[in-house]
Amino acid sequence: MNPRLAKALVNGLLLGGAAVALFPLLWMLAVSFMPAGTSNALPPPLWPAHPVLDNYRQLFEHAGIGRYLLNSLLISGGIALLSLAFNLLAGYAFAKLRFAGREQLFRVLLGLLVVPAQVAMLPLFLLFKYAGLVDSYAGVMLPGMASVLGIFLVRQYARGLPDELLEAARIDGAGELHIFLRIVLPLLRPVVATLAVLTFLTAWNDFMWPLIELTGQGHYTLPLGLATMAREHTEGTEQMMAGSVLTVLPVLALFLSMQRHYLDGLLLGSVKG
Amino acid sequence: MKASRVAWLFLAPALLVLAVFFLLPVLGALALSFTDYDLYALADLHNLRFVALGNYWALLHRPQFWAALGHTFYFVAVGVPLSLAASLGAALLLHSPLARCKAFFRAALFAPVVTTAVATAVVWRYLFNTKYGWANHLLGMLGLHPVDWLGDPHWAMPTIILFAVWKNFGYNMIILLAGLQAVPAELYEAARIDGASAWRQFRHITLPMLGPTLLMVAILTVSGYFQLFAEPYVMTEGGPLESTTSVLYLMYEDGFQWWNLGVATAEAFVLFLVMFAVTAAMLRLSRRGEAA
Numbered sequence: 005m006n007p008r009l010a011k012a013l014v015n016g017l018l019l020g021g022a023a024v025a026l027f028p029l030l031w032m033l034a035v036s037f038m039p040a041g042t043s044n045a046l047p048p049p050l051w052p053a054h055p056v057l058d059n060y061r062q063l064f065e066h067a068g069i070g071r072y073l074l075n076s077l078l079i080s081g082g083i084a085l086l087s088l089a090f091n092l093l094a095g096y097a098f099a100k101l102r103f104a105g106r107e108q109l110f111r112v113l114l115g116l117l118v119v120p121a122q123v124a125m126l127p128l129f130l131l132f133k134y135a136g137l138v139d140s141y142a143g144v145m146l147p148g149m150a151s152v153l154g155i156f157l158v159r160q161y162a163r164g165l166p167d168e169l170l171e172a173a174r175i176d177g178a179g180e181l182h183i184f185l186r187i188v189l190p191l192l193r194p195v196v197a198t199l200a201v202l203t204f205l206t207a208w209n210d211f212m213w214p215l216i217e218l219t220g221q222g223h224y225t226l227p228l229g230l231a232t233m234a235r236e237h238t239e240g241t242e243q244m245m246a247g248s249v250l251t252v253l254p255v256l257a258l259f260l261s262m263q264r265h266y267l268d269g270l271l272l273g274s275v276k277g
Numbered sequence: 036m037k038a039s040r041v042a043w044l045f046l047a048p049a050l051l052v053l054a055v056f057f058l059l060p061v062l063g064a065l066a067l068s069f070t071d072y073d074l075y076a077l078a079d080l081h082n083l084r085f086v087a088l089g090n091y092w093a094l095l096h097r098p099q100f101w102a103a104l105g106h107t108f109y110f111v112a113v114g115v116p117l118s119l120a121a122s123l124g125a126a127l128l129l130h131s132p133l134a135r136c137k138a139f140f141r142a143a144l145f146a147p148v149v150t151t152a153v154a155t156a157v158v159w160r161y162l163f164n165t166k167y168g169w170a171n172h173l174l175g176m177l178g179l180h181p182v183d184w185l186g187d188p189h190w191a192m193p194t195i196i197l198f199a200v201w202k203n204f205g206y207n208m209i210i211l212l213a214g215l216q217a218v219p220a221e222l223y224e225a226a227r228i229d230g231a232s233a234w235r236q237f238r239h240i241t242l243p244m245l246g247p248t249l250l251m252v253a254i255l256t257v258s259g260y261f262q263l264f265a266e267p268y269v270m271t272e273g274g275p276l277e278s279t280t281s282v283l284y285l286m287y288e289d290g291f292q293w294w295n296l297g298v299a300t301a302e303a304f305v306l307f308l309v310m311f312a313v314t315a316a317m318l319r320l321s322r323r324g325e326a327a
């Protein structure tokens, strides 16, 4: 093939692909600024002739979306922070500390990955019902506070740390917690960033468990609030798009600013141990 | 302090969380699926009865369950190959030395992956609206008849599949791109010197070298797609005529709308077994393919 034609073909296809990937997102953004009722026209408008912020104002003043936003931030932030601490401790122990049955236990954990999370959801709901945790922040966060994948990521990364460094600190009489906090943690910084972004995004986008666990609107996260509005058909197209923008924008912004860490984590997680 | 005791202290928080909030409920699910746990048992545990395999037996005789299993298989069987094809195509384009602005294209193609499924499903519902949606507007411009995308039982699942491909292809694209970058360049050079065409290079170098990555990606995608739930929940509410009711959607309805938790856990376990069998079969077939 003619090299110039080949180049045009490759870049043309990429441009087409990017257009397909981005069009729904850009359309969502454009419609969210259209006055109520104006997007339902033929031909469907692409651009708000008179952009307004009414849809966003309505959502905050009447649909209580500010509460959902706050809940989402609180729940995703809490899960990211706590699971980060727990996964780091466990992953480091699996990589660098010696104890009987270490490899067997790790294999058991990896085996758990085969079981889909939904199997656990119904009994978990009952457990929380008897414990009085249904419709609470604690209930929605507890199951996410540790993850096998997170432990796996940390272990993969921590295995590369030099043993001599840890041994030298031990000979100097440093305690294990001190070694972990002062020596290991700074070296694990890249995987900390990766894991923080990954868990925050996963928790933010999570739907089925919050749907089961959170029964009252006071604790709803953004995806839950949005899904409820979508099924009740009470809001117009423009307002639904504004709600979608509010749900998607924080995670998209986080991804764009931390792209490196996110993609690194994705690749690290897909490599077999 | 003894080294192993320190290790267990480090492990304790994470292991406790996984044991209490995952392992225990999974075992509980198995137990629950052998009972008739329903609204009456929820009110008073004395109403709970052991029914052994009764729930599973009833499922086998329930057309609604077979239909849900069928819809789920439809979604997996069509959605996974389409997703993988899109991922591989995009990865090959991004890997091409002719491609410009690679960082931009990579981020743009990956963007749908990080978006919230519920939010983008809402967007698609409007894009595929029969009257005002862009999908039908484009069809109209091509001179084609409008389609009732989410209202026609024949079209609802294909529309959801289209959404899933759009939303997910970027994830595997990144993994496959890394796989492509790991193929040694000398192999292609040698092939070029031998006069192999681009297609033959793809067929005899790229595909075999990418084989293990493709298999891993395929297995992960299959198990992910078996867990179809949020898309029909938001886009079609399982309809029209239950044509998009997946196993998990049925489980959610049985469990949390009708409070038949015994039946619902049995459904979850059957789905788990089916997923396990399918992914194990994929692994096995690929091993046999390698040996041959």
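Line by line, the protein sequences give chains X and L.
In terms of this note's numbering, the first sequence opens at residue 5 and continues consecutively.
In terms of this note's numbering, the second sequence opens at residue 36 and continues consecutively.
Yeah, the Cβ is synthetic: ideal placement off N, Cα and C, and Gly gets one too.
If we ignore side chains and look at the alpha-carbon of each, how far apart do lysine 276 of chain X and phenylalanine 108 of chain L end up?
Residue placement at lysine 276 of chain X cannot be trusted, given a pLDDT of 42 that sits under 50; the coordinates are not used to answer.
Apply the 10 Å Cβ neighbour rule to glycine 115 of chain X and answer buried if 16 or more other Cβ atoms are within range, or exposed otherwise.
With fewer than 16 other Cβ atoms within 10 Å, it is exposed.
State the start and end residues of the unbroken alpha helix (DSSP H) segment that holds asparagine 90 of chain L.
Counting along the chain, the unbroken alpha helix (DSSP H) around asparagine 90 of chain L starts and ends at 89-95.
Based on Cα-Cα distance, which residue from X:Val152, X:Leu86 and X:Ser140 lies nearest to alanine 200 of chain X?
It is X:Leu86 whose Cα lies nearest to the Cα of alanine 200 of chain X.
From methionine 233 of chain X to leucine 271 of chain X, what does the alpha carbon distance come to, in whole angstroms?
Using only the alpha carbons, I get a separation of about 36 Å.
Measuring CB to CB, does valine 282 of chain L end up less than 8 Å from leucine 88 of chain L?
In this structure, the beta-carbon distance from valine 282 of chain L to leucine 88 of chain L does not fall below 8 Å.
9 Å Cβ cut-off: residues of chain L touching tryptophan 208 of chain X:
For tryptophan 208 of chain X, the residues of chain L that pass the 9 Å Cβ criterion are Thr151, in the order they occur in the chain.
Find the residues of chain X that neighbour methionine 244 of chain L, judging by a C-beta separation of less than 7 Å, and give them in chain order.
Under the 7 Å cutoff, chain X gives no residues; its nearest Cβ is about 16 Å from methionine 244 of chain L.
For leucine 17 of chain X, return the contacting residues in chain L, with the cut-off set at a CB-CB distance below 7 Å.
For leucine 17 of chain X, the chain L residues whose C-beta falls within less than 7 Å of its own C-beta are Leu128, listed in chain order.
Mapping DSSP to helix, strand and coil, what is lysine 276 of chain X?
For lysine 276 of chain X, the pLDDT reaches just 42, beneath the cut-off of 50, and the residue's location in the model is therefore unreliable, although a value from the coordinates is still provided. If DSSP states are grouped into helix, strand and coil, lysine 276 of chain X belongs with coil.
Kindly identify the DSSP beta-bridge partner or partners of threonine 70 of chain L.
According to DSSP, threonine 70 of chain L bridges with L:Phe85.
Give a yes or no on whether 8 Å exceeds the smallest Cβ distance from valine 52 of chain L to chain X.
Valine 52 of chain L counts as touching chain X.
Tell me, to the nearest whole angstrom, how far the beta carbon of phenylalanine 73 of chain L is from that of tryptophan 234 of chain L; I am working on the premise that it is less than 8 Å.
The sequence given here has aspartate at residue 73 of chain L, not phenylalanine. With 8 Å as the limit, aspartate 73 of chain L and tryptophan 234 of chain L do not qualify as a contact, their Cβ atoms being about 59 Å apart.
Per-residue contacts from glycine 290 of chain L into chain X (C-beta, under 9 Å)
Neighbours of glycine 290 of chain L on chain X, chain order: Met125, Leu126, Phe129 and Ile216.
Can you give me the C-alpha to C-alpha distance between asparagine 15 of chain X and proline 147 of chain L, rounded to a whole angstrom?
Taking the straight line from one Cα to the other gives about 20 Å.
Interface residues of chain L around threonine 203 of chain X at Cβ under 9 Å?
For threonine 203 of chain X, there are no C-beta contacts with chain L under 9 Å, since the nearest C-beta of that chain is about 13 Å from it.
Output yes or no for whether 8 Å exceeds the beta carbon distance between alanine 150 of chain X and valine 52 of chain L.
In terms of Cβ geometry, alanine 150 of chain X and valine 52 of chain L form a close pair [threshold 8 Å].
Nearest-angstrom Cα separation, counted from alanine 134 of chain L out to arginine 8 of chain X
Near 12 Å, if we compare the C-alpha coordinates of alanine 134 of chain L and arginine 8 of chain X.
In whole angstroms, what is the alpha-carbon distance linking valine 196 of chain X and phenylalanine 259 of chain X?
Near 15 Å, if we compare the C-alpha coordinates of phenylalanine 259 of chain X and valine 196 of chain X.
From which residue to which residue does the alpha helix (DSSP H) around methionine 32 of chain X run?
Where methionine 32 of chain X is concerned, the enclosing alpha helix (DSSP H) stretches over 7-35.
Counting only the same chain and skipping the five closest in sequence on each side, list residues whose C-beta sits under 6 Å from that of leucine 205 of chain X.
Closer than 6 Å at the Cβ level, and outside the excluded window around leucine 205 of chain X, lie Val255.
Is the CB of glycine 277 of chain X under 8 Å away from at least one CB in chain L?
With a pLDDT of 35 at glycine 277 of chain X, under the threshold of 50, the modelled position of that residue is not reliable, and the figure given next carries that caveat. For glycine 277 of chain X, the closest Cβ of chain L is not nearer than 8 Å.
Within the same chain, show all residues whose beta-carbon is closer than 8 Å to that of methionine 317 of chain L, passing over the 5 residues directly before and after it, in chain order.
Sequence-distant partners of methionine 317 of chain L (beyond 5 residues in either direction) whose C-beta falls short of 8 Å from its own C-beta, in its chain, are Leu250, Ala253, Ile254 and Val257.
Out of X:Val119, X:Ala246, X:Ser261 and X:Met262, which one is the CA nearest neighbour of leucine 29 of chain X?
Residue X:Ala246 is the option with its Cα nearest to leucine 29 of chain X.
Can you find a CB in chain L that lies within less than 8 Å of the CB of valine 252 of chain X?
Closer than 8 Å to some Cβ of chain L, the Cβ of valine 252 of chain X qualifies, so yes.
Which first and last residues belong to the alpha helix (DSSP H) in which phenylalanine 160 of chain L is found?
Rather than phenylalanine, the amino acid found at residue 160 of chain L in this sequence is arginine. That run of the alpha helix (DSSP H) goes 152-162.
Which same chain residues, not among the five before or five after proline 247 of chain L, have their C-beta less than 6 Å away from its C-beta?
Nothing listed; no residue qualifies.
Are the C-beta atoms of glycine 63 of chain L and some chain X residue less than 8 Å apart?
Glycine 63 of chain L counts as touching chain X.
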